[in-house]
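Visitor: One structure, as structure tokens, below. Some questions next.
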Amino acid sequence: MENKLVREITSMDVDFSKWYTDIVKKADLADYSSVKGCMVIRPYGYAIWENMQKILDGEFKALGHENVYMPLFIPESLLQKEKDHVEGFAPEVAWVTMGGGEKLAERLCVRPTSEVLFCEHYKNIIQSYRDLPKLYNQWCSVVRWEKTTRPFLRTSEFLWQEGHTMHETEADAREETLRMLRVYENFYKNALAIPSVTGRKTEKEKFAGAVETYTIEPMMHNGVALQGGTSHYFGDGFTRAFGITFTDRSNKLAYPHQTSWGVSTRMIGAVIMAHGDDSGLVLPPAVAPIQVVVIPIAMHKEGVLEKASELCEQLKSFCRVKMDVSDNSPGWKFSEYEMKGVPLRLEIGPKDIAQNQCVLVRRDNREKTVVPLDNLRGEVERLLREIHDGLYQKAAKNLGEKTYTATTYEEFLDIAKNRPGFIKAMWCGDRACEEKIKEDTNGVKSRCIPFEEEHLADTCVCCGRKAEHMVYWGRQY
RNA sequence: CGGGGUGUGGCUCAGCUUGGUAGAGUGCUUGGUUCGGGACCAAGAGGCCGCGGGUUCAAGUCCCGCCACUCCGACCA
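Structure (structure tokens):
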């Protein structure tokens with residue numbers, strides 16, 4: 000990478016946190032608001048979210064899911080129907096106690112997640128096995144009263160989707176749980192160009208009320224993990240608590256098996272921290288609001304604007320494009336769109352026009368390609384694909400290089416202290432070891448038990464007893 | 001929730017030690033010249049100095065309280 004061209008952005012090696020918030024602000028993704036812990040998502044940031052939504056929504060629907068909308072408020076009595084669930088969420092919910100100037104008979108919480116609302120509704124509409132599966136999803140915002148917040152990564156209110164499904168059998172529900180995890184994993188890979196470690200959460204880390212929680216854990220540039228999406232299998236715990244029954248194929252009453260799964264605007268944070276550099280944001284083409292920015296050079300010269308507009312029209316037929324005809328100098332524009340992470344820049348000036356060509360510059364590595372105009376579409380499509388692949392490979396390399404193996408506790412503590420990243424190590428299955436590790440390392444937690452475990456040793460890295468599983472460990476946002 | 005830091009035109013900050021007319025750079029507006037890596041000239045607009053109290057003839061500056069943001073921990077998607 001050349002010297003950074005944007006002075007205002009703090010270098011990521013100097014202060015990664017500052018670098019992150021600088022990008023959020025300088026790339027016009029979000030702004031602070033007067034509501035503590037809440038942010039304004041600005042048009043450029045929201046456009047990224049809309050692209051993410053569009054792709055995921057299509058995947059959900061292709062698998063038979065239907066979108067619905069549930070209420071914002073949950074009566075206290077409803078939230079309390081499932082014991083583990085309420086214990087998990089109660090500490091971080093916001094309560095409404097007044098309405099129209101009068102104290103409410105029962106206070107309402109602002110939804111932190113909507114399991115109980117879906118259950119209440121499913122109770123009314125499920126009678127027979129013929130009504131199953133029920134595959135609902137909603138796009139909405141939820142509120143969790145966080146103590147410390149950071150734009151996109153952790154805000155008091157955030158946008159997300161939550162899928163809630165009901166199934167006839169445990170096997171169906173378990174299959175759905177894993178199916179949706181795969182949807183997330185593929186989305187991270189194919190749309191966000193972010194590789195991740197996936198697997199099952201330990202008892203200690205799983206969702207409040209779930210039987211199993213599966214997770215996708217991408218690694219950020221600095222080696223810190225971000226819980227990127229989760230998919231839960233609930234068994235029939237909620238359906239029993241809510242009295243949701245159906246008549247099964249043998250004419251007996253049965254409880255359906257349930258799942259839920261969600262991803263949030265946190266994914267924007269993941270994109271920033273997985274791909275960004277000292278010049279700003281770097282967006283994967285699939286979700287970039289602008290995929291190609293057209294910069295006319297020497298706009299006042301005859302024919303330049305006309306040619307640039309013509310190219311713009313041509314590009315519009317197959318990608319998202321913007322032309323900047325503002326009065327700023329070309330150099331200013333180069334920096335501006337690098338800061339905003341636009342994957343490809345197209346420069347067109349008098350010299351190019353004379354030779355019937357233009358210059359394409361990649362955001363990720365600043366590589367310039369001179370392209371004959373006859374071949375513009377092919378080259379743009381090729382470069383966008385290569386940028387995606389390049390970003391994925393770079394992130395995969397980072398994940399590989401920052402994943403360590405520990406077979407002794409000394410080794411484990413040494414890595415945890417000195418090398419940011421994931422640690423693969425054996426574990427006995429005892430929660431006490433997770434707690435001890437977290438305490439001894441000042442914050443390293445189990446990320447997940449991967450689907451394909453390696454046999455690294457016979458004994459738990461922490462206590463020395465017989466090992467049950469291989470676990471990925473790491474710090475998280 | 002504990003510990004630190006910071007709040008002054010849109011943004012980045014100086015001024016505070018030692019109280020005495022509100023500053024710079026950048027951005028913005030208008031006009032002109034420029035244009036292949038953050039161009040230049042000229043003229044303008046823009047400030048309850050985070051909020052509230054106090055001390056003083058006089059507070060951006062000193063004292064007390066609060067709030068917000070931010071970093072490091074604890075907690076959590």
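Each residue of the first sequence is one higher than the one before, counting from 0 in numbering that gives the first Met the number 0. Note that the Cβ used here is the ideal one computed from N, Cα and C, for glycine as well.
Where do the N-terminal and C-terminal ends of the alpha helix (DSSP H) with residue 471 fall, by residue?
Guide: Position 472 of the first sequence holds residue 471. Looking at the DSSP string, residue 471 is not in any alpha helix (DSSP H); the run it does join, the beta strand (DSSP E), is 468 to 473.
Visitor: The alpha helix (DSSP H) spanning residue 319 covers which residue range?
Guide: As a first step, residue 319 must be located in the first sequence, where it is residue number 320. Element bounds for residue 319: n/a, residue is neither H nor E.
Visitor: Given a threshold of 16 other Cβ atoms within 10 Å of its Cβ, counted over all protein chains shown, does residue 430 qualify as buried or as exposed?
Guide: In the first sequence, residue 430 corresponds to position 431, counting from 1. Classification of residue 430: exposed, given that the 10 Å Cβ count is below 16.
Visitor: With distances taken between CB atoms, is the gap from residue 151 to residue 109 smaller than 8 Å?
Guide: Taking the first residue of the first sequence as position 1, residue 151 is located at position 152. Taking the first residue of the first sequence as position 1, residue 109 is located at position 110. Not a contact, by the Cβ cut-off of 8 Å.
Visitor: Among residues of its own chain, excluding the 5 on either side of residue 52, which ones have a beta-carbon nearer than 7 Å to its beta-carbon?
Guide: On the first sequence, residue 52 is found 53 positions in, with the first residue counted as 1. If we look at residue 52 and ignore the five residues flanking it on each side, its Cβ neighbours are 138.
Visitor: Could you give the residue range of the alpha helix (DSSP H) that holds residue 176?
Guide: For this step, residue 176 is matched to residue 177 along the first sequence. Where residue 176 is concerned, the enclosing alpha helix (DSSP H) stretches over 169 to 189.
Visitor: Which residue from 300, 141, 397, 280 puts its Cα closest to that of residue 20?
Guide: Taking the first residue of the first sequence as position 1, residue 20 is located at position 21. Of 300, 141, 397, 280, the residue nearest in Cα terms is 280.
Visitor: To the nearest angstrom, report how far apart residue 486 and residue 454 are at their CA atoms.
Guide: This structure cannot settle anything about residue 486, because the visible part of the chain is limited to 0 through 476.
Visitor: Considering only the alpha carbon of each residue, which of 274, 305, 476, 399 lies closest to residue 190?
Guide: Here residue 190 is taken as the residue at index 191 of the first sequence, counted from 1. Selected option, being the one with the closest Cα: 274.
Visitor: Given residue 169, which residues of its chain have a CB within under 6 Å of its CB, disregarding the five upstream and five downstream residues?
Guide: Indexing the first sequence from 1 puts residue 169 at position 170. Hits under 6 Å: 256.
Visitor: Comparing alpha-carbon positions, which option in 271, 421, 472, 419 lies nearest residue 444?
Guide: As a working mapping, residue 444 is identified with position 445 in the first sequence. Taking only the C-alpha atoms, the option nearest residue 444 is 472.
Visitor: Label residue 263 either buried or exposed according to how many other C-beta atoms from any shown protein chain fall within 10 Å of its C-beta, with 16 as the threshold for buried.
Guide: Taking the first residue of the first sequence as 1, we reach residue 263 at position 264. Buried, by the Cβ-count rule.
Visitor: At 4 residues or longer, what runs of the alpha helix (DSSP H) sit wholly inside the segment 72 to 133?
Guide: Runs found: 75 to 78, 82 to 88, 114 to 124.
Visitor: What number of angstroms, rounded off, separates the C-alpha of residue 86 from the C-alpha of residue 37?
Guide: Along the first sequence, one-based indexing puts residue 86 at 87. Along the first sequence, one-based indexing puts residue 37 at 38. Taking the straight line joining both Cα atoms gives about 24 Å.
Visitor: In the DSSP assignment, the alpha helix (DSSP H) including residue 8 goes from what residue to what residue?
Guide: Residue 8 sits at position 9 when you count from the first residue of the first sequence. Counting along the chain, residue 8 falls outside any alpha helix (DSSP H), and DSSP gives it neither H nor E.
Visitor: Going by the C-beta, is residue 282 closer than 7 Å to any heavy atom of the ligand GDP?
Guide: Within the structure as shown, the ligand GDP is missing, as the structure has no ligands at all.
Visitor: Please return the same chain residues whose Cβ sits closer than 6 Å to the Cβ of residue 194, not counting the five positions on each side in sequence.
Guide: As a position in the first sequence, residue 194 is number 195, starting the count at 1. Result list for residue 194: 394, 395, 398, in chain order.
Visitor: Quick check: residue 321 and residue 289, are their CB atoms within less than 8 Å of each other?
Guide: Here residue 321 is taken as the residue at index 322 of the first sequence, counted from 1. Here residue 289 is taken as the residue at index 290 of the first sequence, counted from 1. Yes; because the gap between Cβ atoms is below 8 Å, this pair is in contact.
Visitor: Assuming residue 258 contacts residue 192 (C-beta within less than 8 Å), just tell me the rounded distance between them.
Guide: The count along the first sequence starts at 1 and reaches residue 258 at position 259. The count along the first sequence starts at 1 and reaches residue 192 at position 193. Between residue 192 and residue 258 the Cβ distance is about 27 Å, and since that is not below 8 Å, they are no contact.
Visitor: What do you reckon, are the CB atoms on residue 211 and residue 227 nearer than 8 Å?
Guide: For this step, residue 211 is matched to residue 212 along the first sequence. For this step, residue 227 is matched to residue 228 along the first sequence. No.
Visitor: Tell me, please, whether the segment 159 to 166 touches the segment 92 to 104 by the rule of three or more beta-carbon pairs shorter than 8 Å.
Guide: Counting Cβ pairs under 8 Å, fewer than three are found: no touch.
Visitor: Which residue's Cα is closest to the Cα of residue 401: 411, 388, 409, 422?
Guide: Residue mapping note: residue 401 aligns to position 402 of the first sequence, counting from 1. With distances taken between Cα atoms, residue 401 lies closest to 422.
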